[in-house]
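K.L.:
Could you have a look at this structure, given as structure tokens, before my questions?
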């Protein structure tokens, strides 16, 4: 979700570092919920998760040694952002440099792999820039039309509880996610939704975490579910019906995570508030 956090932060002019911090505890919560979902599903139908071969301590140690350098790179880049050592842009440069040096050390760099990485980087960068260019054109237009303020007034005049309004917003994002790409949803909706969130008294940092989870839910929701077709393209022999069926436990886990975050927003706000205060 890191790219979603970055795009969200740029569009609503919030701190990328605070968003990353806000995503830590909800991410751990979601991991635990996924583990519980897997345990329940495999308990009901053991064939879905048959036990694998037992690994020896030597094999586990070897795996840890192989994964250690990449884990260290992640800790350096993310820890540098959290610790205020460098900005997210600088962290990306540091992470890319360290990953390249690691690939050189392991002798996995060749002309073909380098070209592939550069092309993928160009595509991703161009995508992000086109999204931001579109947002800078779209946002002033929305401000001129007064649609955000009119929508906020309409919902507030309806005398609905703010929790009900938030549930409506979440449902709308899930529906949009069935046929829209995640970044497109952010660009098209945030100029309308963000002022409403602020008017309702919700923290924009908390909403950033919530919206990233909701968008991911939409991208795996039937009848379309964009990411489902990505999985189908990789696992061509697996029917779509089975893929959608396999998604259900994880979709429920994400919904439970959202309910918990809605009831206890401090889960997302604790780390950014605590660490920012300590730095001050």
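Numbering (the working numbering), first residue to last: 13 to 292.
Even for Gly, the Cβ is constructed at its ideal location relative to N, Cα and C.
Along the chain, where does the alpha helix (DSSP H) that runs through residue 250 open and close?
P.N.:
Looking at the DSSP string, residue 250 is not in any alpha helix (DSSP H), and its letter there is neither H nor E.
K.L.:
Restricting to runs no shorter than 4 residues, where is the alpha helix (DSSP H) found entirely within the stretch 48-128?
P.N.:
69-94 and 100-117, all fully within the stretch 48-128.
K.L.:
Nearest to residue 203 by alpha carbon, out of 134, 165 and 161?
P.N.:
The candidate whose alpha carbon is nearest that of residue 203 is 161.
K.L.:
Is residue 156 helix, strand or coil when you go by DSSP?
P.N.:
Helix at residue 156.
K.L.:
For the stretch 138-193, which segments carrying the alpha helix (DSSP H) assignment without a break, of at least 4 residues, lie completely within its bounds, in sequence order?
P.N.:
Within the stretch 138-193, the complete alpha helix (DSSP H) runs of at least 4 residues are 159-169 and 174-189.
K.L.:
On a Cα-Cα basis, can you pick out the residue from 183, 70 and 82 that is closest to residue 106?
P.N.:
The shortest C-alpha separation from residue 106 is found at 82.
K.L.:
Among 264, 118, 271 and 230, which has the Cα closest to the Cα of residue 77?
P.N.:
Comparing Cα-Cα distances from residue 77 to each of 264, 118, 271 and 230, the minimum goes to 118.
K.L.:
Tell me whether residue 271 is buried or exposed, calling it buried when 16 or more other Cβ atoms sit within 10 Å of its Cβ.
P.N.:
Residue 271 is exposed by the Cβ-count criterion.
K.L.:
Taking three-plus beta-carbon pairs below 8 Å as touching, is the stretch 129-143 in contact with the stretch 170-177?
P.N.:
Taking 8 Å as the limit for Cβ pairs, the verdict is that the stretch 170-177 does not touch the stretch 129-143.
K.L.:
Please work out which residues of its chain come closer than 7 Å, Cβ to Cβ, to residue 41, disregarding the five sequence neighbours upstream and downstream, and give them in chain order.
P.N.:
Around residue 41: 269, 272 and 279.
K.L.:
Hey, would you say residue 49 sits closer than 9 Å to residue 265, going by beta carbons?
P.N.:
Yes, the Cβ-Cβ distance between residue 49 and residue 265 is below 9 Å.
K.L.:
Give the straight-line distance between the Cα atoms of residue 23 and residue 43, rounded to the nearest whole angstrom.
P.N.:
Taking the straight line from one Cα to the other gives about 28 Å.
K.L.:
Go through the stretch 203-237 residue by residue and report every complete run of the alpha helix (DSSP H) that reaches 4 residues or more, in order.
P.N.:
Taking only runs of at least 4 residues, the alpha helix (DSSP H) segments lying wholly in the stretch 203-237 are 216-231.
K.L.:
With burial defined as no fewer than 16 other Cβ atoms inside 10 Å of the residue's Cβ, what is the status of residue 222: buried or exposed?
P.N.:
By the neighbour-count rule (16 or more Cβ atoms within 10 Å), residue 222 is buried.
K.L.:
Does the Cβ of residue 242 have 16 or more other Cβ atoms within 10 Å, making it buried, or fewer, making it exposed?
P.N.:
Residue 242 is exposed by the Cβ-count criterion.
K.L.:
Report yes if the C-beta distance between residue 39 and residue 227 is below 9 Å; otherwise report no.
P.N.:
It is not a contact, given that the beta carbons lie outside the stated cut-off.
K.L.:
Between which two residues does the alpha helix (DSSP H) harbouring residue 14 extend?
P.N.:
Counting along the chain, the alpha helix (DSSP H) containing residue 14 begins and ends at 14-24.
K.L.:
Applying the 10 Å Cβ sphere with the 16-neighbour rule, what's the burial state of residue 148?
P.N.:
With fewer than 16 Cβ atoms within 10 Å of its Cβ, residue 148 is classed as exposed.
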